[in-house]
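A.B. asks: Structure below; questions to follow.
Residue numbers (my numbering): 56 to 203.
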C-alpha cells in the first residue's frame with residue numbers, strides 16, 4: 056500500500072530534519088563545541104553512556120563532556136547516519152580516533168596513547184531535539200589498545 060503524497064512528504068521531511076540534527080550534533084562534537092552539542096538536545100535529555108549510568112539533563116551532559124575533554128581528545132570519522140521514516144529515531148555508525156590524555160578513574164594510566172574504535176550512537180528525537188542518546192563502543196578493545 057502506497058502512502059498518500061502528503062504523508063510521504065511529511066516522512067521525508069522528518070528524515071531530512073533528523074539527519075540534519077544528528078549531523079549538526081556530531082559536527083559540534085568534532086569541533087569540541089559543547090554549547091552547539093547542547094543546542095541539539097532537549098533540556099531533559101537522557102544520556103546513556105557506554106558502561107555507565109544514565110545522565111539526565113543538559114547540566115549532567117555538560118559535566119560529562121567537560122570530563123571527557125580533560126581525559127580524551129577524539130575525532131569521529133566515517134560517519135553513517137540512519138533515520139526512521141517519521142524522523143523520531145536515528146542511529147549513527149562511525150570510527151573514533153582518539154588520544155588518551157589524562158588518567159580516567161578506574162582505567163589504565165594515560166600517557167598519550169592513541170586508539171581507533173568502531174562505535175555507534177542511537178537517538179530518540181522529540182520536538183526537533185535529541186531527547187535520548189545511547190553511545191556504544193567496545194570497552195575491552197579500547198582497554199587493549201591503551202594498555203599495549
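For every residue, glycine included, the Cβ atom is placed at its ideal position computed from N, Cα and C. These figures come from a predicted structure and were not determined experimentally.
Do residue 81 and residue 134 have their C-beta atoms within less than 9 Å of each other?
C.D. replies: Yes.
A.B. asks: Unbroken alpha helix (DSSP H) runs of length 4 or more, entirely within the segment 169–203: which are they?
C.D. replies: The qualifying runs are 194–202.
A.B. asks: Exposed or buried, residue 201, counting other C-beta atoms within 10 Å across all chains shown (16 or more means buried)?
C.D. replies: Result: buried.
A.B. asks: Hey, could you find the ends of the beta strand (DSSP E) residue 139 is sitting in?
C.D. replies: Here residue 139 belongs to no beta strand (DSSP E), and DSSP marks it neither H nor E.
A.B. asks: Count the other CB atoms within 10 Å of the CB of residue 114; is the residue buried (16 or more) or exposed (fewer)?
C.D. replies: Exposed.
A.B. asks: Assuming contact is defined by CB atoms lying nearer than 9 Å, are residue 129 and residue 103 in contact in what I supplied?
C.D. replies: No; because the gap between Cβ atoms is not below 9 Å, this pair is not in contact.
A.B. asks: So does residue 131 have its beta carbon nearer than 8 Å to some heavy atom of the ligand ADP?
C.D. replies: The model on display carries no ligand, and the ligand ADP is accordingly not part of it.
A.B. asks: Bridge partners of residue 131, per DSSP?
C.D. replies: According to DSSP, which records beta bridges pairwise, residue 131 is partnered with 151.
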